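Counting with the numbering used here, you get residues 1 to 249 for the letters of the sequence shown.
Glycine is no exception: its CB is placed at the ideal position from the N, C-alpha and C atoms.
It should be emphasised that the depicted structure is a prediction, and the values quoted were computed from it without experimental measurement.
Structure, as structure tokens:
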Amino acid sequence: MSTLVYGLHAVRGLLASRPESIRRAKVQKGASTERLGEIEAALESLGIQVERVDRRELDRLTGGGTHQGVVVEATAGGELPLAQFEELVVTRGSALRVLVLDGVEDPRNLGACLRTADAAGIDAVVVPRSRAAKLTPAAVKAATGAAETVPVLRAPNLARVLRWMKAAGVRLVGAEAGGRPLFDTALAPPLALVLGGEGRGLRPLTRELCDELVAIPMHGAVESLNVSVAAAVLMYELARQSPVERPRR
């Protein structure tokens, strides 16, 4: 199975993490930026076929996405198997930080969440297998390389995974209007931050499984934040209260 990865940051991230997955590349004919030149040179040094095409061809391949002059075809990155996720939870122990996205359906929101998860030191992201965004080219582009660095578990049964984490000692903190003010809540690993999908929030069973619900204070006219923005606020509040104690990936 293959996927398209496009955009300077996303392709650079793929070159850094899984260069062996890249099958071929297309670069915009006549484009001559320094960063694009560096990527093209890196691709050619790996023996990867680079085809120079018109911008219209790249626009067609990406559906009008912001490709910045480069599109590569790569084997799709494997999702984290359940057994490996459980091993990760046990190995990380009291340092574990997980982001759970309960039904986020916009691939760009998924990608943005992965990007912030990488920056904020999150160990893994958990999403349901059904009714949730997949790692489409749009998600990979929005993640700007983080799709290659943050493990993603696509849970066949999200409630079962949440129950298993609770039994393993992981505290589940859900985000929902009406919850305890976020900045009055102590956050410390092992912890899973749980957010619902766009517009509908947490599903009832997911809400029931959370140990605590928190709300981001809202001081203006809008009633809610985009899910990727809300996730970023929660992840960085966790990082502020409990600094990440490991080198950057």
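Just to confirm the assignment: which complete alpha helix (DSSP H) runs, minimum length 4, are found wholly within the region 88-162? 107-119, 137-143
Counting only runs that start and end within the region 16-58, where is the beta strand (DSSP E) found for 3 or more residues in a row? 22-28, 49-53
Using the Cβ count rule (16 or more neighbours within 10 Å means buried), how would you classify Ser-228? buried
Determine the DSSP secondary structure at Val-244, reduced to helix, strand or coil. coil
Segment contact, 8 Å Cβ cut-off, at least three pairs: the region 152-170 with the region 27-36: no
Length at least 3, wholly inside the region 182-239: the beta strand (DSSP E) runs in chain order: 191-196, 212-215
For Arg-249 and His-219, I'd like the C-alpha separation in whole angstroms. Bear in mind that the predicted position of Arg-249 carries a pLDDT of just 45, short of 50, making it unreliable; the figure below should be weighed with that in mind. Looking at the two C-alpha atoms, the distance is approximately 35 Å.
With distances taken Cα to Cα, identify the nearest neighbour of Lys-166 among Gly-179, Thr-206, Ala-147. Thr-206
Minimum C-alpha distance to Asp-54 - residue among Gly-103, Arg-171, His-67, Ala-10: His-67
From the DSSP secondary-structure annotation, give me the bridge partner or partners of Arg-171. Leu-191
Which same chain residues, not among the five before or five after Ala-168, have their C-beta less than 6 Å away from its C-beta? Val-89
Between Glu-212, Glu-40, Ile-122, Cys-113, which lies nearest to Glu-175 when the distance is taken from Cα to Cα? The question names Glu, yet the displayed sequence has Ala at residue 175. Of the listed residues, the one whose Cα sits closest to Ala-175 is Glu-212.
As assigned by DSSP and simplified to three states, the class of Gly-179: strand
Limits of the unbroken beta strand (DSSP E) element including Glu-73: 70-75
Classification of Glu-20 by the beta-carbon crowding that lies within 10 angstroms, buried from 16 upward: exposed
Assign Glu-148 to buried or exposed, taking buried as 16 or more other Cβ atoms, counted over all protein chains shown, within 10 Å of its Cβ. buried
CB-CB under 6 Å to Gln-49, same chain, minus the five flanking residues each way: which ones, in chain order? Arg-24
Our contact map puts Ala-31 next to Gly-93 with C-beta atoms below 8 Å; I'd like the distance itself, whole angstroms only. Not confirmed; about 48 Å, so no contact.
Which whole-angstrom value describes the C-beta separation of Pro-81 and Ala-124, a residue pair presumed to lie in contact below a C-beta threshold of 8 Å? Contact doesn't hold; Cβ gap of about 12 Å is too wide.
So is Thr-144 buried or exposed if we call it buried at 16+ other beta carbons inside 10 Å? buried
Own chain partners of Val-72 with C-beta closer than 6 Å, once the 5 adjacent residues on each side are dropped: Val-5, Val-11, Ile-22, Ala-25
My assumption, with CB atoms under 8 Å, is that Ala-146 sits in contact with Arg-115. Please give the rounded CB distance. 5 Å
Counting only the same chain and skipping the five closest in sequence on each side, list residues whose C-beta sits under 8 Å from that of Pro-217. Pro-181, Leu-182, Phe-183
Assuming the contact rule is C-beta atoms closer than 8 Å, Gly-111 and Ala-132 should be a hit. Round their C-beta distance to whole Å, please. Rounded, the Cβ-Cβ distance is 13 Å, inconsistent with contact.
Backbone CA spacing between Leu-195 and Gly-63 [nearest angstrom]: 29 Å
In three-state DSSP terms, what is Leu-80? coil
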